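Chains as they are written, first to last, in our numbering: chain A, 1 to 275; chain B, 276 to 567. Each remark here refers to the structure printed beneath this line.
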């Protein structure tokens, strides 16, 4: 960029600054400034919204156009929520980046000098990231639901908000995405590199479960399957679960457990290790 | 006031600092010198709590840095200037740090103006030149009006005007009663700025004294002596601690004696002296001698 910089003024810095000391509200404000001031945030959330709305609408349009050839496992809600499966990548990556970008750019030194107790930064990141992710994905999910169902109503295939389980599913999808992102944040705090954090997230959520199912005996596999991340997390937003899944909120609690454990380990590591 | 009390730090098998102890006092600029790899950056990181020492403690104004309620108001530090997210603007970077301490936008803008980054404050830091990045780091260090200012190579990448500005800034901060602790490789600049020096090498303290004492202790302090009867004078001055370097038949540089001693000896032997000039070692020479 062109640099026409003014010569620095020679005055010694002026009189004092009133600081009430570090307060958690200030750290929250700081993390919100950090989150909103980099392009990667806008990109990641934009991609997530794009997948959520785009794929949901496309899915519903495809069903409409193929009528009466409807798949046997078709459910109108899962058509609208087709985008969640891809949006979870975008959100997970953003969760990882929220912390690993500080390590890769060296910003972590500035942050840890400003808040030398360190943990408030992690909790503030989790709160701000979680709130923003939920606040963006929930409206997108509701929008795609309403549009998708109105498309499907052409052949009377739709469900409405008053159908049992629908509101919980929509809410649950936004919660699922948020917790997926927090899981990424925890892994990023432990591993500290962007590539490592994303690899760990992909491995734990997508790669290891199928491998386990392939190598374990059928009965063992059936026992652990409900507790694997996508099954557990999926129980709160998917419809037509197979019989071997946990109840919605139990499954969600297990999924939250993944995020909680990664954040807890991340907190210990953050506190103890050299920056 | 910074206190480093007997700190030792290993990184793996390497000892970065070993039983290092010194105090940095307020009201003067203290220079922190040492060859590359001596442990200067490590020491600063230990003071700021970024790394934990294996043994020993560091205190800032009587407490460890981490225990202060407003740490950025205790120590403003510039370590490596690249401690910034390159995708963020300078203003947002400073704002995010200021907000942790409840310090507002007005102060951020004040610091941006002070260091002369007003025109580029809204642009991505990734586009900054080295000098601009340094100035942002200085703005960051001064953001919360700290009692102690700790800077690692602050003039790196600055033009002569910028270097002079930093020098005056540091002296002004010290004159206000703050503790100013600066590391630099630029000896000539250090000689103009610092009053006291802490010199380390291979992780250990080598010297902790005023600049004047440090320079005076260098053996390259000599006296230029020009005399028509130089050989006689040299004979009269011979001693095991005296070195003589001939430059011309009537000009020599004599080490190990003060100008007063040489002048008195010449007078005692009625030898005319046409030039008697103490030549002080530069800070660089003193430093090179000490750290070889």
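Backbone N, C-alpha and C define an ideal beta-carbon position, used for all residues, glycine too. Just so we're clear, the structure is a prediction, and the values are computed from it rather than from any experiment.
Would you give the residue range spanned by the beta strand (DSSP E) that residue 276 (chain B) belongs to? For residue 276 (chain B), there is no enclosing beta strand (DSSP E), as DSSP marks it with neither H nor E.
Classification of residue 83 (chain A) by the beta-carbon crowding that lies within 10 angstroms, buried from 16 upward: With 16 or more other Cβ atoms within 10 Å, it is buried.
Beta carbon of residue 80 (chain A), beta carbon of residue 194 (chain A): below 8 Å? Cβ distance not < 8 Å, so residue 80 (chain A) and residue 194 (chain A) don't count as in contact.
Through-space distance from residue 254 (chain A) to residue 22 (chain A), alpha-carbon basis: Distance between the alpha carbons of residue 22 (chain A) and residue 254 (chain A): 34 Å.
Tell me which residues share the same chain as residue 330 (chain B) and place their Cβ nearer than 6 Å to its Cβ, disregarding the 5 neighbours each side in the sequence. Short of 6 Å from the beta carbon of residue 330 (chain B), and not among the five residues preceding or following it, lie these beta carbons of its own chain, in chain order: 283.
Are the CB atoms of residue 529 (chain B) and residue 497 (chain B) nearer to each other than 8 Å? Yes, the pair counts as a contact, with Cβ atoms nearer than the cut-off.
What are the boundary residues of the alpha helix (DSSP H) that residue 472 (chain B) is part of? Run containing residue 472 (chain B): none in the alpha helix (DSSP H); it sits in the beta strand (DSSP E), 471–476.
Give a yes or no on whether the minimum CB-CB distance between residue 329 (chain B) and chain A is below 8 Å. Not flagged as an interface residue toward chain A: residue 329 (chain B), since no C-beta distance is shorter than 8 Å.
Between residue 144 (chain A) and residue 355 (chain B), what straight-line distance do the alpha-carbon atoms span, to the nearest angstrom? Just so you know, the alpha carbons of residue 144 (chain A) and residue 355 (chain B) end up roughly 47 Å apart.
Using the Cβ count rule (16 or more neighbours within 10 Å means buried), how would you classify residue 491 (chain B)? When all chains shown are included, residue 491 (chain B) counts as exposed.
Step through the CB atoms of chain B and report whether any lies within less than 8 Å of the CB of residue 22 (chain A). Residue contact with chain B for residue 22 (chain A): present (Cβ-Cβ distance below 8 Å to some residue of chain B).
Indicate whether at least one CB of chain A lies closer than 8 Å to the CB of residue 518 (chain B). Interface with chain A (8 Å Cβ-Cβ cutoff): residue 518 (chain B) is excluded.
By DSSP, does residue 299 (chain B) sit in helix, in strand, or in coil? The DSSP-derived three-state label of residue 299 (chain B) is strand.
For residue 334 (chain B) and residue 343 (chain B), the rounded distance between their alpha carbons: CA-to-CA, the gap between residue 343 (chain B) and residue 334 (chain B) works out to about 10 Å.
Under 9 Å Cβ-Cβ, which residues of chain A neighbour residue 302 (chain B)? What residue 302 (chain B) touches in chain A, judged by beta-carbon distance under 9 Å, is nothing: the nearest beta carbon there is about 15 Å away.
Extent of the continuous alpha helix (DSSP H) run through residue 261 (chain A): For residue 261 (chain A), the enclosing alpha helix (DSSP H) starts and ends at 248–272.
Backbone secondary structure at residue 507 (chain B) - three-state DSSP: Residue state, collapsed to three classes: helix.
Near residue 140 (chain A), which residues of its chain fall below 8 Å by C-beta distance, leaving aside the five closest residues on each side in sequence? Excluding sequence neighbours, residue 140 (chain A) sits near 48, 49, 52 and 53.
Among the residues of its own chain, which have a CB less than 8 Å from the CB of residue 372 (chain B), if the five just before and after it don't count? 347, 415 and 418, listed in sequence order.
What would DSSP say about residue 11 (chain A), mapped onto helix, strand or coil? With a pLDDT of only 37 at residue 11 (chain A), under 50, the local geometry of the prediction cannot be trusted, and no value is derived from it.
Got a sec, what are the start and stop residues for the beta strand (DSSP E) residue 451 (chain B) sits in? Residue 451 (chain B) -> no beta strand (DSSP E), and no H or E assigned at all.
Where does residue 286 (chain B) fall in DSSP's three states? DSSP places residue 286 (chain B) in strand when its eight states are reduced to three.
Please list the partners that residue 76 (chain A) has in chain B, where partner means a Cβ-to-Cβ separation under 7 Å. Chain B residues near residue 76 (chain A): none, gap ~41 Å exceeds 7 Å.
Note down, in chain order, every chain B residue with its Cβ under 8 Å from the Cβ of residue 114 (chain A). Within chain B, the residues near residue 114 (chain A) are 346, 347, 372, 375 and 376.
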